[in-house]
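Participant: Position 190 of the sequence shown, counted from 1, bears residue number 190 in our numbering, the numbering being contiguous throughout.
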Amino acid sequence: MKKLIKILVTFLCVAVMAAPLFAFTACDTDKSLPPLTLDFYNGTKKQEVEVRLFIDGDTTHFNPISKHNYPNCNNSSDFWSASAPSDSKGYAKARYLAINTPESTGQIEPWGKAASNFTHSKLEKAEAIIIESDDENWNFDSNGRYLLWVWYIPEGKTEFVNLNIEILRAGLAYGSSVDENRYGKYARQAITLAEEEELYVFSSTKDPDYAYGEAVTTDLLDLRFNPEKYVNKRIRVEGTVVADFNNSAYLEDTFDVPNYGKLTVGIAVFHFNNTGQMVLKDVLVVGNRVSVVGILIYSDIVSGYQITDIKEINLFNENDPLNCKVIDKVGLDDAFQEVDPAVYTSTAKNVSVEVNKKASAEDDDLIVTVSKTYQEAVVNTSISFTNLTVYDSYTTKNEDSSSYGAMTLYCRADDGSEIQVRTTVFKEDGELITADRYIDRKIAVKGIVEYYDDSYNGPVYQIKCFLVEYLTVLPD
1 MKKLIKILVT FLCVAVMAAP LFAFTACDTD KSLPPLTLDF YNGTKKQEVE VRLFIDGDTT
61 HFNPISKHNY PNCNNSSDFW SASAPSDSKG YAKARYLAIN TPESTGQIEP WGKAASNFTH
121 SKLEKAEAII IESDDENWNF DSNGRYLLWV WYIPEGKTEF VNLNIEILRA GLAYGSSVDE
181 NRYGKYARQA ITLAEEEELY VFSSTKDPDY AYGEAVTTDL LDLRFNPEKY VNKRIRVEGT
241 VVADFNNSAY LEDTFDVPNY GKLTVGIAVF HFNNTGQMVL KDVLVVGNRV SVVGILIYSD
301 IVSGYQITDI KEINLFNEND PLNCKVIDKV GLDDAFQEVD PAVYTSTAKN VSVEVNKKAS
361 AEDDDLIVTV SKTYQEAVVN TSISFTNLTV YDSYTTKNED SSSYGAMTLY CRADDGSEIQ
421 VRTTVFKEDG ELITADRYID RKIAVKGIVE YYDDSYNGPV YQIKCFLVEY LTVLPD
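#1: For F22, which of helix, strand or coil comes out of DSSP?
#2: With H, G and I counted as helix, E and B as strand and the rest as coil, what does DSSP make of E214?
#3: By DSSP's criteria, A94 is part of a beta bridge. Which residues make up the other side?
#4: What's the gap between the Cα of I439 and the Cα of N139?
#5: Taking the straight line between their C-alpha atoms, what separation do you get for Y70 and V49?
#6: What would DSSP say about N356, mapped onto helix, strand or coil?
#7: Excluding the five sequence neighbours on either side, which residues of its own chain have a C-beta within less than 7 angstroms of the C-beta of R494, listed in chain order?
#8: What did DSSP end up calling Y230 once you bin it into helix, strand or coil?
#9: Would you mind stating whether Y200 and G175 have Cβ atoms separated by less than 9 angstroms?
#10: Return yes when the Cβ of L388 is within less than 9 angstroms of the Cβ of I433, no when it is not.
#11: Would you report the Cα separation of E469 and D476, rounded to the nearest angstrom?
#12: Between L33 and A190, how many whole angstroms is the CB-CB distance? I'm expecting something under 8 angstroms.
#13: Determine which residues share a DSSP beta bridge with Y394 and list them.
#14: If you follow the alpha helix (DSSP H) that F118 is in, where does it begin and where does it stop?
#15: Out of L409, V293 and E132, which one is the CA nearest neighbour of T472?
#16: Can you say whether N117 is buried or exposed, counting buried as having 16 or more other CB atoms within 10 angstroms of its CB?
#17: Less than 9 angstroms separating the beta-carbons of E124 and W149?
#18: Would you mind working out which of E418, V302, V330 and D436 sits nearest K448, comparing C-alpha positions?
#19: Distance check for G294 and S66, CA to CA, integer angstroms please.
#20: Out of V351, K329 and D392, which has the shortest C-alpha to C-alpha gap to N259?
#21: Below 8 angstroms, is the gap between the Cβ of K311 and the nearest heavy atom of the ligand FMN?
#22: Y344 and Q306 look like a contact to me (Cβ under 8 angstroms); what is the Cβ gap, rounded to whole Å?
#23: Looking at P110 and Y41, is the spacing between their C-beta atoms short of 9 angstroms?
#24: Taking the alpha carbon of R234 as the reference point, which residue from L223, G213 and V286 has its own alpha carbon closest?
#25: Is it buried or exposed, G405, if we count other Cβ atoms within 10 angstroms and call 16 or more buried?
#26: If we count Cβ pairs, one from each stretch, closer than 8 angstroms, do we get three or more for the segment 308–321 versus the segment 264–271?
#27: Excluding the five sequence neighbours on either side, which residues of its own chain have a C-beta within less than 7 angstroms of the C-beta of V445, listed in chain order?
#28: Please state whether DSSP places Q107 in a helix, a strand or coil.
#29: Taking Cβ positions only, does P341 come closer than 9 angstroms to chain E?
#30: Could you give the DSSP three-state label for T347: helix, strand or coil?
#31: Rounded to the nearest angstrom, how far is the Cβ of Y186 from that of L36, given a contact under 8 angstroms?
#32: So, at 6 angstroms on beta carbons, what are the nonlocal neighbours of H120 in its own chain, with the 5 sequence-adjacent residues on each side left out?
#33: Ordered along the chain, which non-local residues of its own chain (more than five positions away) have a Cβ less than 7 angstroms from that of S291?
#34: How many angstroms separate the CA atom of I367 from the CA atom of V355?
#35: Taking E103 as the reference, which of L97, G112, R95 and Y96 has the closest Cα?
#36: Please state whether DSSP places P459 in a helix, a strand or coil.
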């Protein structure tokens, strides 16, 4: 009888693998795990938080808050200790203790997206979230991330649940230094049950969201206007590298669009692998015409699509289908295309492109016309303007933030067009450059078109300016 029950439980757990993770209930509520409760008096560090940014299944960024009056739950300078890395002060880059979920950002692995979705679904509607240290101190990994246990109250419930253990019990992570941690025995039992029931990472079932097989060849125009067709698939695309910043190369190409004219579109190619080593340093070089192979994903980090999971070049097989290649070294004196401000800001003339929406070769063709404003069409594409007048600015003033000193410049072109420029943190001779340098002056700017959803103003398209030399004050 016990064997029959175990078979039935295993069947139920495997059956839900193809279902959305928010419907996953058969295994993560299993009663065979001993009860685990959050002890506010056990001497560990604790802090109430809210999600700042979801990264993947075992990494989340949290903001400290004090919404509830939990005992021994601090919201003080103790949380941002002297040992906290400077680029993390102001929020916690959290690496979950005892677990290692498959990759879903720089690299893509089977079940990585499922693990990421699981963590997202559990925390996005949580009644409350508490992060806990493993001992009496806040501890960090080699990348400066807080090593944490994450507790949350599910929507409509009153008791805290340990998310680290829940992820292990769901079979969406392998154990990491399990027996060395505070809740190691619970983690070990969760892994054992997940292995017995052959859930997710312990299953022989293929991940339906992972890009197995060969890459699909496309072009940047179809990728920009028809991304849903390629998302989470391995693709091959050509373009010219026009910029490289913060581990992303910006690839673009120019097309003749019927009834519109020439249009240059681009995409970001994230090229930093899981071991922390730069890849393709001789391929993704500004000025190179290249063929790139990777997986297209939608990233919450950049609020848009990007190509990731770029593989190291197989030096023993130049014909390896996953290799990225240099097609031509075209060279670029100034890659940033200059655009008429009226074209950039006006929605009067949309860019319309016919795309083939069929999902596979067996489907009937479904040709539809997709229309986008120019700003929508050229996200992640290089752009430059001259003769913009800076009439106002905003500067990030939180000294605990890694963006302290970054500026938003509100500009007006000669024809009255409004253009927003966002800079990184600019310094000169070690001193912070402030907006005073640019206010009421005419500037020339180069950057990449960036989109983000402003919580106050709605969708915003702006020019992301990476380098101080890309923002020039023009002579009066």
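Glycine residues also receive a C-beta, built at the ideal position from the N, C-alpha and C atoms.
Facilitator: In this structure, then:
#1: As a first step, residue 22 is located in the sequence shown; it is residue number 22 there, counting from the start. Model confidence at F22 stands at a pLDDT of 32, short of 50, so the residue's coordinates are unreliable; what they give is reported in the following sentence. Correct three-state label for F22: helix.
#2: By 1-based counting over the sequence shown, the position of residue 214 is 214. It is coil, neither helix nor strand.
#3: Taking the sequence shown and counting its residues from 1, one reaches residue 94 at position 94. In the DSSP output, where bridge partners are listed per residue, A94 has T60 and Y146.
#4: Your numbering for residue 439 matches position 439 in the sequence shown. Your numbering for residue 139 matches position 139 in the sequence shown. One C-alpha to the other measures close to 43 angstroms.
#5: As a first step, residue 70 must be located in the sequence shown, where it is residue number 70. As a first step, residue 49 must be located in the sequence shown, where it is residue number 49. Looking at the two C-alpha atoms, the distance is approximately 12 angstroms.
#6: Your numbering for residue 356 matches position 356 in the sequence shown. In the structure shown, N356 sits in a strand (DSSP, three-state: E or B).
#7: Any question about residue 494 goes unanswered here, given that the chain covers just 1 to 476.
#8: To locate residue 230, count along the sequence shown from 1; it is residue 230. If DSSP states are grouped into helix, strand and coil, Y230 belongs with coil.
#9: Position 200 of the sequence shown, counted from the first residue, corresponds to residue 200. Position 175 of the sequence shown, counted from the first residue, corresponds to residue 175. Against a cut-off of 9 angstroms, the Cβ pair of G175 and Y200 comes out as no contact.
#10: For the purposes of this step, residue 433 is identified with residue 433 of the sequence shown, where counting begins at 1. For the purposes of this step, residue 388 is identified with residue 388 of the sequence shown, where counting begins at 1. No, the pair does not count as a contact, with Cβ atoms beyond the cut-off.
#11: As a first step, residue 469 is located in the sequence shown; it is residue number 469 there, counting from the start. As a first step, residue 476 is located in the sequence shown; it is residue number 476 there, counting from the start. Cα to Cα, the separation comes out at about 18 angstroms.
#12: The residue given as residue 33 occupies position 33 in the sequence shown. The residue given as residue 190 occupies position 190 in the sequence shown. Their Cβ separation, rounded to whole angstroms, is 6 angstroms, which keeps L33 and A190 in contact under 8 angstroms.
#13: The residue you call residue 394 lines up with position 394 of the sequence shown. Partner(s): T408.
#14: Mapped onto the sequence shown, residue 118 falls at position 118. Where F118 is concerned, the enclosing alpha helix (DSSP H) stretches over G112 to L123.
#15: Locating residue 472 in the sequence shown gives position 472, counting from the first residue. Out of L409, V293 and E132, L409 has the C-alpha closest to the C-alpha of T472.
#16: For this step, residue 117 is matched to residue 117 along the sequence shown. Buried, since its Cβ has 16 or more Cβ neighbours within 10 Å.
#17: Here residue 124 refers to the residue found at position 124 of the sequence shown. Here residue 149 refers to the residue found at position 149 of the sequence shown. Against a cut-off of 9 angstroms, the Cβ pair of W149 and E124 comes out as no contact.
#18: Mapped onto the sequence shown, residue 448 falls at position 448. With the sequence shown as reference, residue 448 is identified as Ile, and Lys is not the correct amino acid for it. Per the Cα distances, V302.
#19: On the sequence shown, residue 66 is found 66 positions in, with the first residue counted as 1. On the sequence shown, residue 294 is found 294 positions in, with the first residue counted as 1. Answer to the nearest angstrom: the Cα atoms are 42 angstroms apart.
#20: Taking the sequence shown and counting its residues from 1, the one referred to as residue 259 is at position 259. Of the candidates V351, K329 and D392, the one whose C-alpha sits nearest the C-alpha of N259 is V351.
#21: Looking at this structure, you won't find the ligand FMN or any other ligand, since it has none at all.
#22: In the sequence shown, the residue the question calls residue 344 occupies position 344. In the sequence shown, the residue the question calls residue 306 occupies position 306. No, Y344 and Q306 are not in contact; Cβ-Cβ is about 22 angstroms, not under 8 angstroms.
#23: Residue mapping note: residue 41 aligns to position 41 of the sequence shown, counting from 1. Residue mapping note: residue 110 aligns to position 110 of the sequence shown, counting from 1. For Y41 and P110, no; Cβs fall outside 9 angstroms.
#24: For the purposes of this step, residue 234 is taken as residue 234 along the sequence shown, with counting starting at 1. The shortest Cα separation from R234 among L223, G213 and V286 belongs to G213.
#25: Translated into positions along the sequence shown, residue 405 becomes position 405. Buried: at least 16 other Cβ atoms inside 10 Å.
#26: yes
#27: The residue you call residue 445 lines up with position 445 of the sequence shown. Cβ neighbours of V445 beyond the five flanking positions: S384, F385, L388, V421, I463, C465, Y470 and L471.
#28: Locating residue 107 in the sequence shown gives position 107, where the first residue counts as 1. In this structure, Q107 counts as coil in the three-state DSSP scheme.
#29: Absence of chain E from the displayed structure is noted, only one protein chain being present.
#30: As a first step, residue 347 is located in the sequence shown; it is residue number 347 there, counting from the start. Three-state result, T347: coil.
#31: Mapped onto the sequence shown, residue 186 falls at position 186. Mapped onto the sequence shown, residue 36 falls at position 36. The pair is a contact, with the Cβ atoms about 5 angstroms apart (cut-off 8 angstroms).
#32: Indexing the sequence shown from 1 puts residue 120 at position 120. If we look at H120 and ignore the five residues flanking it on each side, its Cβ neighbours are F54.
#33: Within the sequence shown, numbered from 1, the residue matching residue 291 stands at position 291. Cβ neighbours of S291 beyond the five flanking positions: R236, E238, C324, K325 and I327.
#34: For the purposes of this step, residue 367 is taken as residue 367 along the sequence shown, with counting starting at 1. For the purposes of this step, residue 355 is taken as residue 355 along the sequence shown, with counting starting at 1. In a straight line, the C-alpha of I367 is about 6 angstroms away from that of V355.
#35: As a working note, residue 103 is residue 103 in the sequence shown. The candidate whose alpha carbon is nearest that of E103 is G112.
#36: Here the question's residue 459 lines up with position 459 in the sequence shown. In this structure, P459 counts as strand in the three-state DSSP scheme.
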